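**Q** Numbering (our numbering), first residue to last: 55 to 316. Idealized CB from N, CA, C, for every residue including glycine. Note that the structure is a prediction, hence the values are computed from the model and not measured.
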Amino acid sequence: MERLTQPTLSGKLVCCMLLFLFQCAVVVGGPFYLDGDRTAGRTICGSDDNLTMVEQNEDLKKMGLPVGSLRAYERSSGRYFICTGTLVAPDLFLTARHCKEACEDLSVTFGYLTPERKQETFKCSEILEAGDFESNHDYMLMRLEGKPGVEWGWYPLSDREIEPETQLMMIHHPRGTPMKVSLEGCKFKAEEEGLVRHRCDTEPGSSGTGILLPDFTNPENTRVVGVHAFGGCTSAETSTNSGPSIHYLATQSDLIRSLVKD
55 MERLTQPTLS
65 GKLVCCMLLF
75 LFQCAVVVGG
85 PFYLDGDRTA
95 GRTICGSDDN
105 LTMVEQNEDL
115 KKMGLPVGSL
125 RAYERSSGRY
135 FICTGTLVAP
145 DLFLTARHCK
155 EACEDLSVTF
165 GYLTPERKQE
175 TFKCSEILEA
185 GDFESNHDYM
195 LMRLEGKPGV
205 EWGWYPLSDR
215 EIEPETQLMM
225 IHHPRGTPMK
235 VSLEGCKFKA
245 EEEGLVRHRC
255 DTEPGSSGTG
265 ILLPDFTNPE
275 NTRVVGVHAF
285 GGCTSAETST
295 NSGPSIHYLA
305 TQSDLIRSLV
315 KD
């Protein structure tokens with residue numbers, strides 16, 4: 055991860071209303087809608103092995119700094135929903151295409167581990183690129199105002215091929231909750247038709263988070279190898295969650311390819 059430092063108290067003010075909505079939200083959707091009028095299946099791989107990030111060691115908590123909770127206003131319905139995403143450059147945020155709304159209706163909050171901890175919210179400045187509705191193109195790159203990566207760090211992309219059963223990591227905000235991390239059983243299974251198939255536990259609201267190839271010894275070498283977008287995991291060992299692979303997207307997008315750093 056680039057610029058791996060603990061944020062200072064300087065920067066933008068925390069959005070109190072956003073915190074209130076996070077704490078009071080009712081579970082639905084995939085993305086996760088705040089008003090609770092739709093339901094969707096869980097995408098947990100057997101038992102729920104997600105860990106609450108605030109309870110983890112400081113090194114692991116620092117690895118979650120570049121991950122943010124995306125809040126979007128859906129004008130067609132008048133509803134708000136939540137996804138997750140990852141900084142992949144000082145001001146570039148990678149998430150899922152199905153989380154897209156007008157730029158002025160998108161904002162990202164970093165540091166949501168507990169309501170009491172320091173957080174920062176940044177508005178969307180520009181949507182640089184959004185894939186189509188094909189499953190292996192379900193990604194979006196947006197520029198955020200300011201340069202949040204200066205404080206929060208970022209993870210470069212990797213288009214390397216990955217061996218089956220390689221350890222992955224997913225840091226996310228399932229159901230709009232404070233940050234969680236999936237490690238136990240979070241393994242790469244295969245790449246098929248441009249999709250990373252994995253066994254990391256996810257839920258509504260996890261959409262858009264980076265599928266991480268972690269380096270716990272040298273966290274700055276951690277890379278984003280995919281974008282989580284789809285559920286499907288059950289207790290069956292052959293079932294998986296999935297999302298577009300950077301290995302595939304780098305063959306489709308000059309912008310994605312320019313962000314690859316192996």
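#1: Count the other C-beta atoms from every protein chain shown that fall within 10 angstroms of the C-beta of Ser-260, then say buried if there are 16 or more, exposed otherwise.
#2: What do you get for Arg-151, buried or exposed, if any count of 16 or more other CB atoms within 10 angstroms of its CB means buried?
#3: For my contact list, Cys-99 and Asp-255 are in at a C-beta cut-off of 8 Å; report their separation, rounded to the angstrom.
#4: Going by C-alpha to C-alpha distance, which of Ser-299, Leu-141, Ser-131, Lys-116 sits closest to Leu-124?
#5: Thinking just about the alpha-carbon of each residue, which of Gly-203, Ile-181, Pro-120 is nearest to the one in Glu-317?
#6: How do the stretch 274-287 and the stretch 166-176 stand: do at least 3 beta-carbon pairs fall below 8 Å, yes or no?
#7: DSSP three-state call for Ile-225: helix, strand or coil?
#8: DSSP three-state call for Cys-157: helix, strand or coil?
#9: How big is the Cα-Cα spacing for Gly-203 and Leu-267?
#10: For Tyr-134, which of helix, strand or coil comes out of DSSP?
#11: Hey, would you say Gly-118 sits closer than 8 Å to Ile-265, going by beta carbons?
#12: Counting only the same chain and skipping the five closest in sequence on each side, list residues whose C-beta sits under 7 Å from that of Tyr-302.
#13: From which residue to which residue does the beta strand (DSSP E) around Leu-148 run?
#14: Could you tell me the boundaries of the beta strand (DSSP E) in which Ile-265 lies?
#15: Which same chain residues end up closer than 7 Å to Arg-229 when comparing Cβ atoms and leaving out the 5 residues on each side of it in sequence?
#16: Quick one: residues in its chain with C-beta nearer than 7 Å to the C-beta of Ala-197, no 5 flanking neighbours on either side, listed in chain order?
#17: Tell me which residues share the same chain as Cys-78 and place their Cβ nearer than 6 Å to its Cβ, disregarding the 5 neighbours each side in the sequence.
#18: Is it buried or exposed for Phe-164, if we count other Cβ within 10 angstroms and need 16 for buried?
#19: From the DSSP output, in three-state form, read off Ile-310 for me.
#20: By the 10 Å Cβ neighbour count, where 16 or more other Cβ atoms means buried, how is Asp-186 classified, buried or exposed?
#21: Sort Thr-106, Ile-216, Leu-160 by Cα distance to Arg-129 and report the nearest one.
#22: Candidates Val-162, Asn-104, Thr-175, Trp-208: which alpha carbon is nearest Pro-273's?
#23: How would you call Gly-262, buried or exposed, if buried means at least 16 neighbouring beta carbons within 10 angstroms?
#24: With the cut-off set at 8 Å, would you say Pro-210 and Leu-313 are in Cβ contact?
#25: Taking Ser-299 and Val-235 to be in contact with their CB atoms under 8 Å, please state how far apart those CB atoms are, rounded to whole angstroms.
#26: Compute the Euclidean distance between the alpha carbons of Arg-311 and Val-108, then round it to the nearest angstrom.
#27: Is DSSP giving Tyr-298 helix, strand or coil here?
**A** If we stick to the structure as given:
#1: buried
#2: buried
#3: 6 Å
#4: Leu-141
#5: Since the first and last residues shown for the chain are 55 and 316, residue 317 lies out of range.
#6: no
#7: strand
#8: helix
#9: 19 Å
#10: strand
#11: no
#12: Asn-190, Gly-248
#13: 146-149
#14: 264-267
#15: Val-81, Phe-86, Glu-257, Pro-258, Gly-259
#16: According to the sequence provided, residue 197 is Arg. The question's Ala does not apply to it. Cβ neighbours of Arg-197 beyond the five flanking positions: Asp-145, Leu-146, Ser-179, Glu-180, Leu-182.
#17: Note that Cys-78 has pLDDT 34, beneath the 50 cutoff, so the model's placement of it is unreliable and no number is given.
#18: buried
#19: helix
#20: exposed
#21: Leu-160
#22: Trp-208
#23: buried
#24: yes
#25: Not quite, the Cβ-Cβ distance comes to about 21 Å (not below 8 Å), so this is no contact.
#26: 34 Å
#27: Inspection of the sequence shows that residue 298 is occupied by Pro rather than by Tyr. Correct three-state label for Pro-298: strand.
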